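Report on one structure; see the data block that follows.
2 protein chains.
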Amino acid sequence: MKKCDLCDDPIFPVVWKNNKFRIVEINDPSYSAYYRVEYIEHVKEMTDLDENDRMELMKVVFTVETAIKNFYKPDKINLASLGNLSPHIHWHVVPRFKTDNHFPESIWSAQKKFEKTNISTQTKNKINQFISKNLNK
Amino acid sequence: MKKCDLCDDPIFPVVWKNNKFRIVEINDPSYSAYYRVEYIEHVKEMTDLDENDRMELMKVVFTVETAIKNFYKPDKINLASLGNLSPHIHWHVVPRFKTDNHFPESIWSAQKKFEKTNISTQTKNKINQFISKNLNK
Chain A
2 MKKCDLCDDP
12 IFPVVWKNNK
22 FRIVEINDPS
32 YSAYYRVEYI
42 EHVKEMTDLD
52 ENDRMELMKV
62 VFTVETAIKN
72 FYKPDKINLA
82 SLGNLSPHIH
92 WHVVPRFKTD
102 NHFPESIWSA
112 QKKFEKTNIS
122 TQTKNKINQF
132 ISKNLNK
Chain B
2 MKKCDLCDDP
12 IFPVVWKNNK
22 FRIVEINDPS
32 YSAYYRVEYI
42 EHVKEMTDLD
52 ENDRMELMKV
62 VFTVETAIKN
72 FYKPDKINLA
82 SLGNLSPHIH
92 WHVVPRFKTD
102 NHFPESIWSA
112 QKKFEKTNIS
122 TQTKNKINQF
132 ISKNLNK
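Sequences listed follow chains A and B, in order. Per my numbering, residue 2 is the first one in the first sequence, and the count goes up by one each step. Per my numbering, residue 2 is the first one in the second sequence, and the count goes up by one each step.
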């Protein structure tokens, strides 16, 4: 069977997890506070999950969106479950700014420039604390 | 105020609608059965909706995914709420095949070839009937 990257231990820092879901922070130098919400078990499509798990997973995604929106205040937030290369459920949650390297295109489109972003440690901590606090309730 | 395309009457065929949500079928010659689920009112982010509307909208998205999965049987289904150009909530629901023009990249990535897809009228009808039947319950 072909190896699945998402079934391996994550290479990115785990911000929060429980027995079903895991949030990692993607170390993308161009996109600070870019998170990925992963379903831990190998399942392909959102509609392969039962309704409870599916809606619980969406609540995790929306908690991450809220945290990013409240503390990082991007111009737009992108949510995407693609998985063509890794057909194992995972959601990209990406803060977008009008000044970023791809705006207004998707982050998978051709890059217009190559600039790094910088988020303060304080903002990142606030985002991560909000996520943990709200998901551990 | 800048004109919002999503606030206008849809240019694509409306497959189903109620007083809050609308499903249109994108006439993309390369992607048959590519649907967009739109929140009718102009709202920017998913987390700007109240929780009921947010979860109701996700159920509409997942009904479209189920219909595509059952009757068109793509290799993968992509879900995305981006809205960088049109910051008005809408979800792309895109059936992907290993033979399609962008696979395994996103449909917003550079196109590898330019081929049209063809879905039978029967399959399309089955998808649309499933959507209406399940959302009108």
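Where is the CB? At the ideal position from N, CA and C, for every residue including glycine. Only a predicted model underlies this, so the values are computations on that prediction, with no experimental measurement involved.
### Task
For A:Lys4, decide whether its Cβ has a neighbour in chain B, counting only Cβ atoms nearer than 8 Å.
Among the CB atoms of chain B, none fall inside 8 Å of the CB of A:Lys4.
### Task
Could you pull the start and end residues of the alpha helix (DSSP H) that B:Phe131 belongs to?
Thr122 to Leu136 is the span of the alpha helix (DSSP H), which, as asked, contains B:Phe131.
### Query
Cα-Cα, which of A:Ser133, A:Asn85 and A:Thr100 is closest to B:Ser110?
Per the Cα distances, A:Asn85.
### Query
Of the residues A:Asn102, A:Ala81, A:Glu116 and A:Ser87, which one's Cα is nearest the Cα of A:His43?
The shortest C-alpha to C-alpha distance from A:His43 to any of A:Asn102, A:Ala81, A:Glu116 and A:Ser87 is the one to A:Ser87.
### Task
Return the first residue and the last residue of the beta strand (DSSP E) that B:Phe139 is part of.
One cannot answer for residue 139 of chain B here, as it falls past the ends of chain B, which runs 2 to 138.
### Beta-carbon neighbours of A:Pro105, restricted to chain B and to distances below 7 Å
Neighbours of A:Pro105 in chain B, taken as residues at a C-beta separation under 7 Å, are given in chain order as Asn85 and Leu86.
### Message
Restricting to runs no shorter than 3 residues, where is the beta strand (DSSP E) found entirely within the region 36-97 of chain A?
### Response
Counting only runs of 3 or more, we get 77-82 and 91-97.
### Query
First and last residue of the beta strand (DSSP E) that includes A:Trp109?
Careful: A:Trp109 lies outside any beta strand (DSSP E) and carries neither H nor E.
### Task
Give the range of the beta strand (DSSP E) segment to which A:Lys18 is assigned.
Boundaries of the beta strand (DSSP E) harbouring A:Lys18: Val15 to Lys18, taken from the DSSP string.
### Message
Three or more C-beta pairs under 8 Å: does that hold for the region 109-124 of chain A against the region 44-54 of chain A?
### Response
Touching, no, given that fewer than three Cβ pairs across the two stretches are closer than 8 Å.
### Task
Name, please, each residue of chain B whose Cβ falls closer than 8 Å to the Cβ of A:Glu7.
The question names Glu, but residue 7 of chain A in the sequence shown is Leu. In chain order: nothing, as chain B lies at least about 14 Å away.
#### Entry: B:Lys125 versus B:Trp17: straight-line alpha-carbon distance, rounded
Looking at the two C-alpha atoms, the distance is approximately 14 Å.
### Task
Report yes if the C-beta distance between A:Ser221 and A:Glu116 is below 8 Å; otherwise report no.
With chain A covering 2 to 138 only, the question about residue 221 of chain A has no answer from this structure.
### Query
Is B:Asp9 buried or exposed, if buried means 16 or more other CB atoms sit within 10 Å of its CB?
By the beta-carbon neighbour count (other beta carbons within 10 angstroms, threshold 16), B:Asp9 is exposed.
#### Entry: Straight-line Cα distance separating A:Gln123 from B:Pro11
So the two alpha carbons sit approximately 43 Å from each other.
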